[in-house]
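Peer 1:
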């Protein structure tokens with residue numbers, strides 16, 4: 016399996032933007048993965064994900080930056096099968112997506128709702144690693160595939176509420192007692 | 303800002319929602335949560351509306367709908383806090399079987415007896431087939447198989463099949 020782990024500087028936790036916000040509804044720009052600011056953003060996304068309970072991925076525009084960069088780490092999630100660990104991808108593009116399945120998902124940028132969304136359970140995604148700019152293509156499935164599509168949607172200016180399967184598919188997010 | 307519960311029920315036609323919301327917007331009344339569907343072809347909409355206007359003013363604004371075979375009710379309601387669910391304790395309960403009186407009573411009675419709260423419900427009759435889908439929250443942890451076993455036993459008494467799925471939500 017492709018290794019996606021790279022050395023990054025120390026990350027700074029950034030504020031997560033919630034809808035409605037223009038930055039969440041517009042497509043993000045392609046960026047140079049070797050640019051120092053992009054490398055810092057990669058580290059900051061990971062740092063922000065790490066301090067957010069239950070968060071398995073974060074797109075750059077969720078911290079207010081309109082660049083095509085996301086981070087992901089589904090390694091602790093029970094629905095994960097294939098897992099590429101904790102990584103950042105720059106300029107991602109989904110090449111193949113197949114075998115749709117419906118599931119209920121929520122998002123840090125839409126904190127009060129969940130929605131039933133169909134996503135492919137197998138995807139092939141290509142992009143670049145921050146720092147080296149090395150091109151990588153990964154094939155994944157199950158929960159990692161769903162998470163990748165959710166993050167790439169963010170970078171395309173789409174939220175899960177733009178993709179719900181029916182008028183009855185938006186729900187109040189359950190608040191769980193600890 | 304007071305909250306009003308409005309229901310609009312009756313013969314369906316295009317434009318009811320536009321007419322109601324236009325009248326409410328002119329009154330500066332804000333539609334908060336609402337849910338609309340067709341029930342055996344009848345338009346059925348329930349709304350919670352925030353407004354400074356009185357019940358009588360809003361009822362009068364919507365009185366024009368009565369000429370359309372629509373029944374409107376406007377009632378004051380209090381601001382309710384939604385209760386938190388316990389971890390791992392939300393389920394989707396699906397029921398189907400031959401139509402008869404008492405299916406919903408039997409299943410929801412059992413759910414209530416175990417402390418479950420129905421937070422969403424659809425019942426549909428098509429041909430002779432009756433279908434119920436309910437979302438249910440429990441304050442205490444509940445095992446999917448235990449709940450399914452209990453509800454299936456109750457379902458047998460009214461001749462319906464019951465399936466229970468955990469209502470997972472994944473934050474991405």
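Residue numbers (our numbering), protein chains in the order written: chain S, 16 to 193; chain F, 303 to 474.
Glycine residues also receive a C-beta, built at the ideal position from the N, C-alpha and C atoms.
If we count the other Cβ atoms within 10 Å of its Cβ and call it buried at 16 or more, is residue 115(S) buried or exposed?
Peer 2: It counts as exposed.
Peer 1: Leaving aside the five residues before and after residue 61(S) along the sequence, list all residues of the same chain whose C-beta is less than 6 Å from its C-beta, in chain order.
Peer 2: 26, 86
Peer 1: Give a yes or no on whether 8 Å exceeds the smallest Cβ distance from residue 71(S) to chain F.
Peer 2: yes
Peer 1: Grouping DSSP H, G and I as helix and E and B as strand, with all else coil, what is residue 169(S)?
Peer 2: Annotated three-state conformation of residue 169(S) is helix, per DSSP.
Peer 1: Under a CB-based cut-off of 8 Å, is residue 406(F) close to chain S?
Peer 2: It does not: the Cβ of residue 406(F) has no partner Cβ on chain S nearer than 8 Å.
Peer 1: Are residue 23(S) and residue 71(S) touching if we call contact CB-CB under 8 Å?
Peer 2: no
Peer 1: Does any C-beta atom of chain F lie closer than 8 Å to the C-beta of residue 91(S)?
Peer 2: no
Peer 1: Would you kindly report the start and end of the unbroken alpha helix (DSSP H) that includes residue 406(F)?
Peer 2: 405–415
Peer 1: Does residue 392(F) get closer than 8 Å to chain S when you measure Cβ to Cβ?
Peer 2: With its beta carbon less than 8 Å from one in chain S, residue 392(F) belongs to the interface.
Peer 1: Taking the alpha helix (DSSP H) that residue 56(S) belongs to, which residues open and close that run?
Peer 2: 51–65
Peer 1: Below 8 Å, can you find three or more Cβ-Cβ pairs linking the stretch 131–150 of chain S to the stretch 450–458 of chain F?
Peer 2: no
Peer 1: Apart from the five residues on each side of it in sequence, which residues of its chain come closer than 6 Å, Cβ to Cβ, to residue 413(F)?
Peer 2: 438
Peer 1: With a Cβ-Cβ cutoff of 8 Å, do residue 373(F) and residue 311(F) count as a contact?
Peer 2: In this structure, residue 373(F) places its C-beta atom within 8 Å of the C-beta atom of residue 311(F).
Peer 1: Where residue 152(S) and residue 166(S) are concerned, what is the direct C-alpha to C-alpha distance, given to the nearest angstrom?
Peer 2: 16 Å
Peer 1: Mapping DSSP to helix, strand and coil, what is residue 452(F)?
Peer 2: helix
Peer 1: Report yes or no: do three or more beta-carbon pairs, one from the stretch 74–89 of chain S and one from the stretch 173–187 of chain S, lie closer than 8 Å?
Peer 2: no
Peer 1: Using a Cβ-Cβ cut-off of less than 8 Å, give me the residues of the stretch 115–135 of chain S that come near chain F, in sequence order.
Peer 2: 118, 119, 120, 121, 122, 123, 129
Peer 1: From what residue to what residue does the alpha helix (DSSP H) around residue 358(F) run?
Peer 2: 357–363
Peer 1: Checking the sheet assignment: what are the DSSP bridge partners for residue 399(F)?
Peer 2: Partner(s): 432(F), 462(F).
Peer 1: Could you name the residues of the same chain whose beta carbon sits closer than 8 Å to that of residue 137(S), not counting the 5 residues immediately before and after it, in chain order?
Peer 2: 111, 112, 113, 114, 154, 155, 156, 160
Peer 1: So that I know if they touch, is there some Cβ in chain S lying closer than 8 Å to that of residue 334(F)?
Peer 2: no
Peer 1: Beta-carbon of residue 473(F) versus every beta-carbon of chain S: anything under 8 Å?
Peer 2: Contacts with chain S at 8 Å (Cβ-Cβ) include residue 473(F).
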